[in-house]
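In the UniProt record's numbering, the protein residues as written are 1 to 617.
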């Protein structure tokens, strides 16, 4: 840049140069944002010849880079890339396979588990990874409530964790725990985290972040990008790419446009319309897989904290299970799948998605609540919620049934669901106010019970315990505000079934208990499972020949239970030979050139600046 500026000053009048310098100084920080990336993904566009950067467009904020706190899909995906876990799930079929632990055994009573830690694994700063790091991680979660925010359910039943030596971790549980082979807890380096006094206030943004996965986080700008470099010394072998970058977009439309232009390589969470529109697009391959996610409408049943104290702003009518079931009857799930998902999904039924065949449950005919506005109206009449003169129903105290419906503001899916639900509920005398907010606000309001209705949804692990626990009394926030509730269900019968499935090692018996827990959740109607969306993704086939999917049959390449899709991405020769100057840097020089020419006409500079600054969202 300095050389070019010097050359320009020799050719243009001083006044024009001064104006141009001001404009260039103002514009270049906006133009050279990480959202417009060069082919190799480097921030300055220079890059190393032959290096490959995989650029992934995301529309979700990283709620935290602290693995004890972060639970959003964006954050947990990064944690799988940079932190080890004791075991992981195969890309083939979700079966449990060794990771940091090479093998393990349990005592006859299933109360003591010994995990043998892989030798020779190192943290990215060169320190060895040992059993002491594992013990430290679990003990920190057991003794520090903040450290248990995201994954505390895994250690709730732990009695003691110790490391007799560098190679063994011994975990003793209070009661048998069937999830011991699937502890999806990121292990952190003790020599780093033992210096952190307050986990709740630790952002974990000092670069590079010390981890021990196939990638290492080296750069982060909130709401813009997160950059990871490949760890050449990763114990499984170096990744097939040199760099991975997550690029934030305000919405999926912007991400799709960036994909079409070749500014990113992968776009995920596509809407059905976007997915269909990409059919036949040059150099773009689409991926449609069965989703691990359920899409849920949560009804506030009377939120309370772990001490049983009421919290939040939920409408009192929703404490009545008859009202919640009536609302369930007023939602046409088939219509949502067709009109919102474009057929790219499955009608909602039980709590767990059908991709997990053995655990999936669907209500039998006698327990279903099929769509019927007539039946919903009749149920509300019988429950004592009559219509007032204005047509709006009222509870026994005379309060109108006006519900606030909290939605993710950047989600077109939420917007469409909100529109349909609002129309259907108006047909049964209930007014709905749609309230689109940011992702973080959705999380905050849900945890605080500050909603009547809210859109929720979770990606389910191969072992369903994590999401099952979300509906227990134990998931409610403590009086200080911690906790990770979903629908604020607190039901003695559900909790009993949850505890029994957690302690059951017989596969068939556990499957039966999990299905019975789902049936109870359905009966209580605090969370209405609307549908299971297919995972819709697309990637640049001119830069990548393919990705490893999980599961192999009808799987996806992103947000997996592991790191397989990114770790084993297959770059094309074009990706390996692309220069660093064909992206935003060359575009920036063109813009600078235009500005310099424009400086000859000083009168037009201000208007030109306003136009150019609108680079893209």
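The beta carbon of each residue, even a glycine, is placed where N, CA and C say it ideally should be.
Where the beta strand (DSSP E) through residue i begins and ends
| i | result |
| --- | --- |
| residue 543 | Here residue 543 belongs to no beta strand (DSSP E), and DSSP marks it neither H nor E. |
| residue 622 | Outside the displayed span of the chain (1 to 617) sits residue 622, for which this structure offers no information. |
| residue 345 | 345-347 |
| residue 472 | It is not in any beta strand (DSSP E) - residue 472 carries neither H nor E in the DSSP assignment. |
| residue 160 | 158-165 |
| residue 272 | Here residue 272 belongs to no beta strand (DSSP E); instead the alpha helix (DSSP H) covers 272-277. |
| residue 209 | Counting along the chain, residue 209 falls outside any beta strand (DSSP E), and DSSP gives it neither H nor E. |
| residue 193 | That residue, residue 193, is in no beta strand (DSSP E); its alpha helix (DSSP H) goes 190-193. |
| residue 402 | 402-408 |
| residue 55 | 53-58 |
Cβ shell of residue i (< 6 Å), same chain only, five flanking positions each side left out
| i | result |
| --- | --- |
| residue 33 | A caution first: residue 33 carries a pLDDT of 38, below 50, which makes its placement in the model unreliable, though a value can still be read off. Counting only Cβ-Cβ distances below 6 Å, and skipping sequence neighbours, we find nothing. |
| residue 229 | 216, 218, 243 |
| residue 156 | none |
| residue 234 | 214 |
| residue 186 | 67, 79, 83 |
| residue 161 | 135, 138, 139, 171 |
| residue 266 | 56, 539 |
| residue 268 | 537, 558 |
| residue 472 | 495, 498 |
| residue 567 | 214, 239 |
Among the options, nearest to residue i - alpha-carbon criterion
| i | options | result |
| --- | --- | --- |
| residue 620 | 123, 122, 121, 106 | Because the chain in this structure spans residues 1 to 617, residue 620 falls outside the shown range and cannot be described. |
| residue 394 | 210, 428, 171, 374 | 428 |
| residue 357 | 405, 333, 292, 334 | 292 |
| residue 257 | 278, 227, 223 | 278 |
| residue 165 | 136, 181, 449 | 136 |
| residue 453 | 244, 301, 371, 268 | 301 |
| residue 307 | 119, 271, 297, 476 | 476 |
| residue 556 | 571, 534, 567, 543 | 534 |
| residue 311 | 397, 561, 488 | 488 |
| residue 465 | 238, 515, 384 | 515 |
| residue 572 | 283, 117, 348, 502 | 283 |
| residue 354 | 250, 289, 179 | 289 |
| residue 417 | 386, 436, 314 | 436 |
| residue 231 | 505, 123, 252, 207 | 123 |
| residue 255 | 570, 530, 59 | 59 |
| residue 209 | 249, 201, 125, 133 | 125 |
| residue 553 | 92, 304, 63, 70 | 92 |
| residue 169 | 130, 510, 264 | 130 |
Three-state secondary structure assigned by DSSP to residue i
| i | result |
| --- | --- |
| residue 436 | strand |
| residue 103 | strand |
| residue 126 | coil |
| residue 550 | strand |
| residue 222 | coil |
| residue 110 | coil |
| residue 376 | helix |
| residue 493 | helix |
| residue 252 | helix |
| residue 94 | coil |
| residue 174 | coil |
| residue 430 | coil |
| residue 456 | strand |
| residue 532 | strand |
| residue 289 | strand |
| residue 629 | No statement about residue 629 is possible, as the shown extent of the chain runs from 1 to 617 and does not include it. |
| residue 570 | strand |
| residue 136 | helix |
| residue 387 | strand |
| residue 330 | coil |
| residue 313 | coil |
Cβ-Cβ separation, residue j to residue i (assumed contact under 8 Å), whole Å
| i | j | result |
| --- | --- | --- |
| residue 121 | residue 212 | 6 Å |
| residue 538 | residue 286 | 5 Å |
| residue 456 | residue 296 | 5 Å |
| residue 348 | residue 117 | Actually they are not in contact, since the Cβ atoms of residue 348 and residue 117 sit about 41 Å apart, beyond 8 Å. |
| residue 305 | residue 478 | 6 Å |
Range of the contiguous alpha helix (DSSP H) that encloses residue i
| i | result |
| --- | --- |
| residue 420 | 412-426 |
| residue 515 | 507-524 |
| residue 638 | The displayed coordinates of the chain run from 1 to 617. Any statement about residue 638 would go beyond what the structure contains. |
| residue 565 | 564-567 |
| residue 87 | No alpha helix (DSSP H) contains residue 87, which is instead part of the beta strand (DSSP E) from 87-89. |
| residue 74 | 73-82 |
Any C-beta of chain B under 8 Å from that of residue i
| i | result |
| --- | --- |
| residue 211 | Protein chain content of the structure displayed is limited to a single chain, and chain B is not contained in it. |
Close-in-space but distant-in-sequence residues of the same chain around residue i (CB under 7 Å, 5 per side omitted)
| i | result |
| --- | --- |
| residue 369 | 325, 328, 329 |
| residue 96 | 87, 89, 181, 182 |
| residue 448 | 311, 312 |
| residue 497 | 513, 516, 517, 520 |
Cutoff 8 Å; reference residue i; Cβ partners in own chain excluding five residues on either side
| i | result |
| --- | --- |
| residue 383 | 320, 322, 323, 326 |
| residue 403 | 315, 318, 425, 430, 431, 432, 433, 452, 453 |
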